[in-house]
Each structure stands twice: as C-alpha cells, then as structure tokens.
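I have placed the structure first, in the form of structure tokens, so that the comments after it can refer back to it.
In this note's numbering, the protein residues as written are 231 to 445.
Given below as structure tokens:
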C-alpha cells in the first residue's frame, strides 16, 4: 500500500512510519521536518505544514490511506500558560480538516487518526485524576482534539479513530484494543500504538470505529 503519515516526525508519527515501512508499505512522511527522518524502507519525505492545503493535496495524490498523528510536542505546562510557540494551537482539528478535503479530492477513502482516550465517547469513562489533568493542564489541547474527532466523524471517509491512554517511550508490548472504552493499564508505549495504527491503515479494525488502546 501507499500510505501518507501526517505528523511523521512526532513520537507517534515516527513510530507509525517505521512500523509501516517494516511491513513493506511505501510511506510518504509529511511534516515540517520530514527530511530529517532516517528510516529503512520505501520512504518518501515531504517537508510541509499540515494546514497548507496545496502542500497536503500534492502529498495525498496517489495514496491508498492516510494516518494522522498530529499534536503539539512542546511542554504541556508551557502550552497551557502561554500557548504553543511553534505549532498552531488548533493543528489537530485544522490539519485533519485539510486532510479530509485532500482525501476526498484525491479519492483516498481510508483515514486513521490518533486521538486521545477520554475524548468523545470515552470522556465519561475518565477517572478523577485524568479529569483534573484534562481540565487544568490540557484543556485547550483536549478541546481541539474534540473538534478533530468531530471532523473525522462528519467525514464520509472510511475512518478509524485510535485513542491511546497515556503514551510513553517504553518498549513495544502487546496492546489491549477495545471498541467499548474498556482499558487495562493506563500507560502504553508509542511503539505499541504504532502497531495498532498500522493495522488500522491496513483495514484490520474495520471502519467507523473508535479504538481504545491500553497496556
């Protein structure tokens, strides 16, 4: 398959790109610093802004699926107090909306989007500690993620939303994947989530589903 990864140099994006390459797919890595990626496999890098319609339209042409792992890599405390310095605060929702439009124009049906556990249908399942973190520290980012999910759900694409719990840079391990919001351990490594993203891109999890991913 030919798969476009948007946000390919972030922790999750890099892991997903590497996993897709390992499986033999042709991957177009799209991000502002995509050319910095050094990964083995059939890799194409495109430096660009995820909110740039022309750049994203060009990168989307000829793809079979799109994986979106957009986010803000800066300190959550800094973002909460001052706003992000280098990334638009609405990068998730705006970048995803641009990608949906590009996918429609290019005839790409498959869309996989990494979101966050506790958004949308899993919000009522959050524990008290996580609710406090969302409200006090991550409120703007979670609000944008809510908008991002709505963009995906309102699209006519073959979408899958992937909602991991707290992400780590730990080793790969078996992930628990559910569609009813049930979770196991409250931490999961990005390498483990990458396998779920790749499976979803390959169509193994069906469409129109929200996947909760935990340890």
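Every residue, glycine too, gets a C-beta built ideally from N, C-alpha and C. Quick caveat: nothing in here was measured; it's all calculated off a predicted structure.
Beta-carbon gap between residue i and residue j smaller than 7 angstroms
| i | j | result |
| --- | --- | --- |
| residue 381 | residue 391 | no |
| residue 285 | residue 325 | no |
| residue 276 | residue 264 | yes |
| residue 421 | residue 291 | no |
| residue 431 | residue 342 | yes |
| residue 314 | residue 298 | no |
| residue 426 | residue 407 | yes |
| residue 251 | residue 278 | no |
| residue 333 | residue 236 | no |
| residue 388 | residue 437 | yes |
Those residues which DSSP pairs with residue i across a bridge
| i | result |
| --- | --- |
| residue 417 | 396 |
| residue 470 | Look at the range of the chain in this structure, 231 to 445, and you will see that residue 470 is not part of it. |
| residue 360 | According to DSSP, which records beta bridges pairwise, residue 360 is partnered with nothing at all. |
| residue 344 | 392 |
| residue 261 | 277 |
| residue 232 | 256 |
Reference residue i, options the options, closest by Cα
| i | options | result |
| --- | --- | --- |
| residue 323 | 348, 341, 433, 375 | 375 |
| residue 403 | 409, 414, 410 | 414 |
| residue 344 | 393, 419, 356 | 393 |
| residue 355 | 255, 235, 442, 242 | 442 |
| residue 417 | 347, 363, 373, 367 | 347 |
| residue 288 | 269, 335, 317, 252 | 335 |
| residue 231 | 340, 396, 353, 397 | 340 |
Residue i Cβ short of 6 angstroms to the ligand COA heavy atom set
| i | result |
| --- | --- |
| residue 427 | Absence of the ligand COA from the depicted structure is noted, as is the absence of any ligand whatsoever, leaving it without description. |
Cut-off 6 angstroms between Cβ atoms - residues of its own chain near residue i, not counting five sequence neighbours on either side
| i | result |
| --- | --- |
| residue 350 | 379 |
| residue 327 | 381 |
| residue 241 | 420 |
Neighbourhood of residue i by C-beta, 8 angstroms cutoff - its chain only, sequence neighbours within 5 removed
| i | result |
| --- | --- |
| residue 267 | 238, 239, 244, 247, 259, 273, 275 |
Contacts around residue i, its chain only, beta-carbon distance under 7 angstroms, and the 5 residues preceding and following it disregarded
| i | result |
| --- | --- |
| residue 318 | 281, 324 |
| residue 320 | 374 |
| residue 396 | 416, 417 |
Contact with chain C by residue i, beta-carbon distance below 7 angstroms
| i | result |
| --- | --- |
| residue 323 | Absent here is chain C; the protein component of the structure consists of one chain. |
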